[in-house]
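Here the structure is laid out as structure tokens; the discussion comes afterwards.
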Amino acid sequence: MTPHNHAKPGDYAQAVLLPGDPLRAKWIAETFFEAPRLVNSVRNCLGYTGTWKGKPISVQATGMGQPSLSIYVHELINVYDARTLIRVGTCGGLNVKVKVRDIILAQAASTDSAIVKDRFGAFNFAPIADFALLRSAADKADAAGLHYHAGNMLSSDIFYHAYGFEGYDQLPAHGVIGVEMEAAALYTLAARFGVSALTICTMTDCLITKEEIDAEARQSSLKEMVELALDVAVEA
Ligand code: HPA
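Per our numbering, the sequence shown starts with residue 635, numbered consecutively.
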């Protein structure tokens, strides 16, 4: 039990999917899990445990942004013994080669967040995905014929940048392909506590072309992404 989570020790599987949206956590549990069981509802930040293809699996919503995700992930690792953490989310596109609906596997996560950058003094720590999870996700995405890109994600603390895209255009100029708000903190916490993490996102809005996903495509793309993440999670 923590101030943010009333689950008991043992209520979570060692592999946990991490959507930002609590209702997406509910949808994942009710759509994909066998025998889903609600384990947390503090602040409506829903968490469930069940099985996928017969293997134990959990999902816990993280809320939006790195401060919120950091609370849930810190507690999942240190109170509930989670060992494999896979964020499933959406991201903006920063490269025209990444099309709406494509999947981004965040191989690394750049950030403007003080949560990450202020801890390392003169050094710039590079938050990276767990290689085994990344390789497994890429292999499975290849086998399923999914359109995906592995590359550098921007995890920004700011959604509404005062100067729009121009504020961070040096990042795409250095190969950053997507923008979301959580991966860098997830990878930094996983590194700190010696566990495995990956971020998988569906690209829903391209900041360059302004193309956006429609509601129907959003749902079918999310389904593909969640199935991929579940397969990676239970084999880890
Ligand atoms: N910015 C930040 N996070 C996002 C975006 C975006 O454009 N799209 C989906 N998540």
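The beta-carbon is built from N, C-alpha and C at its ideal position, and this holds for glycine as well. Values in this document were obtained by computation on a predicted structure and should not be read as measured data.
Query	Result
Cβ distance (whole Å) where I811 is taken to contact V722 below 8 angstroms	So it is not a contact: roughly 17 angstroms between Cβ atoms.
Buried or exposed (CB count within 10 angstroms, at least 16 for buried), K660	buried
Neighbourhood of L788 by C-beta distance below 6 angstroms, restricted to the same chain and skipping five residues each side	S744, L805, V810 and V813
The region 670-688 in contact with the region 769-788 per 3-pair CB rule at 8 angstroms	no
Of the listed residues T724, L832 and F754, nearest to Q853 (C-alpha basis)	T724
Alpha carbon of K733 to alpha carbon of H708, nearest angstrom	33 angstroms
Heavy atom of ligand 1 within 7 angstroms of F799 beta-carbon	no
Host alpha helix (DSSP H) of P656 (start-end)	P656 to F666
Residues near G785 by beta carbon distance below 6 angstroms, same chain, minus five either side	Q741 and I811
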